[in-house]
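Heads up, the thing below is written out as structure tokens.
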Amino acid sequence: MTMDNNNNNSSIQDSNKNEIGGQGDGGDDGGLPLVQCVARARIPTTQGPDIFLHLYSNNRDNKEHLAIVFGEDIRSRSLFRWRPQETQQDRMIRGAYIGKLYPGRTVADEDDRLGLALEFDDTTGELLASKATTWDVRNRTLVRIHSECYTGENAWSARCDCGEQFDRAGRLIACDHEVASGIKGGSGHGVIVYLRQEGRGIGLGEKLKAYNLQDLGADTVQANLMLKHPVDARDFSLGKAILLDLGIGNIRLLTNNPEKIKQVDHAPLLKCVERVPMVPIHWTNSNEGIDSKEIEGYLRTKIERMGHLLTEPLKLHTNVQSTEANQTQTQTQTQKQMNAALSSTSTLAI
Ligand SMILES: [Zn+2]
1 MTMDNNNNNS
11 SIQDSNKNEI
21 GGQGDGGDDG
31 GLPLVQCVAR
41 ARIPTTQGPD
51 IFLHLYSNNR
61 DNKEHLAIVF
71 GEDIRSRSLF
81 RWRPQETQQD
91 RMIRGAYIGK
101 LYPGRTVADE
111 DDRLGLALEF
121 DDTTGELLAS
131 KATTWDVRNR
141 TLVRIHSECY
151 TGENAWSARC
161 DCGEQFDRAG
171 RLIACDHEVA
181 SGIKGGSGHG
191 VIVYLRQEGR
201 GIGLGEKLKA
211 YNLQDLGADT
221 VQANLMLKHP
231 VDARDFSLGK
241 AILLDLGIGN
251 IRLLTNNPEK
261 IKQVDHAPLL
271 KCVERVPMVP
281 IHWTNSNEGI
291 DSKEIEGYLR
301 TKIERMGHLL
311 TEPLKLHTNV
321 QSTEANQTQT
331 QTQTQKQMNA
341 ALSSTSTLAI
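Quick note: the sequence shown, position 91, residue 91 per the UniProt record's numbering, numbers continuous.
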């Protein structure tokens, strides 16, 4: 799964210099990592629209970060840029084609069945994005920047709402309008950037240890601190670089986390023009979504300790008394350790 080839990374640096400079910032990347889309493929889904899965490499780590793209016309500039000596077949194999592939197709840059053709700068090989073929950088695009969560996405975990949020983001991007929430959807255009930073960046092994500490009475913030990890070690700079590479300039960000909005905004190139809330499904429909003691505590910690913007539904909840009762219990050894860990940390702000 990993790409540890040094030559690979150095070629990313070289070929991406033009890319980020090409976004109009005069070559100053603002400290963003350099990213390159390695391959793109159409994935038919059970949810309705096809998605285009983009796999990225970068110059910061060896992980395979992804972009799940709704809309064939949202184009990675690094993927579509012409490379020396490549053939049309090479371009189709790595996914740098317009329209739809079909048996016998020979030209990547033109789809004669759909009457679409891409244009490129003869000198640099850069894609010339025209409105007829490519999503406009000024469009307000529905985006989720999602951090990998093996347990929530693959192990049916009811400790967190990551799996639910991931599914919901896809449904919102696909639809015109979500009736239950009144949220305007993406009408089939949008991006889920999928960053490989498990457990808020601490990795799966450490996350499992944190879960055991939570079973011993810690909340998600305390558990990380007891394991000598930051409350939140995630870094969204790769997400920003990937969105810029996809030609996205204005985003409607699906998040409850105000800190994420600040971290993702990269004006003037990438602007968060709207925050679209992700209220847990179970809070608006008690027959659906995740219902567990663990997720109540997890969401409460997100709101009370991490500043997530979900105050109204919390007031509707009924377990406030039980939380207060817990606080009056005699301190256990674990709780004393938690307090020690917390007092040794100057700030909980993330
Ligand atoms: Zn999770």
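Backbone N, C-alpha and C define an ideal beta-carbon position, used for all residues, glycine too.
Because the structure is a prediction, the values reported are computed rather than measured.
When secondary structure is reduced to three states using DSSP, K240 falls in the helix class.
Assignment of I51 by DSSP, reduced to helix, strand and coil, places it in the strand class. Approximately 5 Å separates the beta-carbon atoms of R200 and R234; this is inside 8 Å, confirming the contact. Those residues placing their Cβ nearer than 5 Å to any heavy atom of ligand 1 are, following chain order, C149, G152, C160, C162. S57 counts as buried, since no fewer than 16 other beta carbons sit within 10 angstroms of its beta carbon. As computed with DSSP, V35 is found in a beta bridge with N58. Rounded to whole angstroms, G188 and G48 show a C-alpha spacing of 10 Å. By the 16-neighbour rule on beta-carbons within 10 angstroms, Y211 is buried. Of all C-beta pairs linking the stretch 137 to 149 to the stretch 158 to 175, three or more are shorter than 8 Å, placing the two stretches in contact. Apart from the 5 residues on each side of it in sequence, I192 sits with its Cβ closer than 6 Å to the Cβ of I68, R144, H146, A169 in its chain, given in chain order.
For H282, no beta strand (DSSP E) encloses it; the enclosing alpha helix (DSSP H) starts and ends at 281 to 284. A distance of 8 Å or more separates the beta carbons of L32 and L142. Rounded to the nearest angstrom, the Cβ distance from R42 to H54 is 11 Å, too far for a contact under 8 Å. Inclusion of I281 and E164 in the CB contact set at 8 Å is warranted, their separation being smaller than that value.
With a contact defined as Cβ atoms closer than 8 Å, R77 and G247 qualify at about 6 Å.
Residue state for N256 is assigned as coil, using DSSP reduced to three classes. Beta-bridge annotation (DSSP): R42 is paired with F52.
The beta carbon of A117 is closer than 6 Å to those of E110 in its chain, skipping five residues each way along the sequence.
Looking only at V38, E294, M306, K228, the smallest Cα-Cα distance to G95 is reached by V38. For R144, the enclosing beta strand (DSSP E) has its first and last residue at 140 to 147. Just measuring C-alpha positions, the residue of K131, T133, I173 sitting nearest G186 is I173.
Using a Cβ distance threshold of 8 Å, R140 and N250 count as a contacting pair. In the three-state DSSP reduction, V264 falls in the helix class (H, G or I). Taken atom to atom, the span from the alpha-carbon of W156 to that of C272 is near 31 Å.
With 16 or more other Cβ atoms from the protein chains shown falling within 10 Å of its own Cβ, R91 counts as buried. Within the DSSP secondary-structure output, G95 pairs in no beta bridge.
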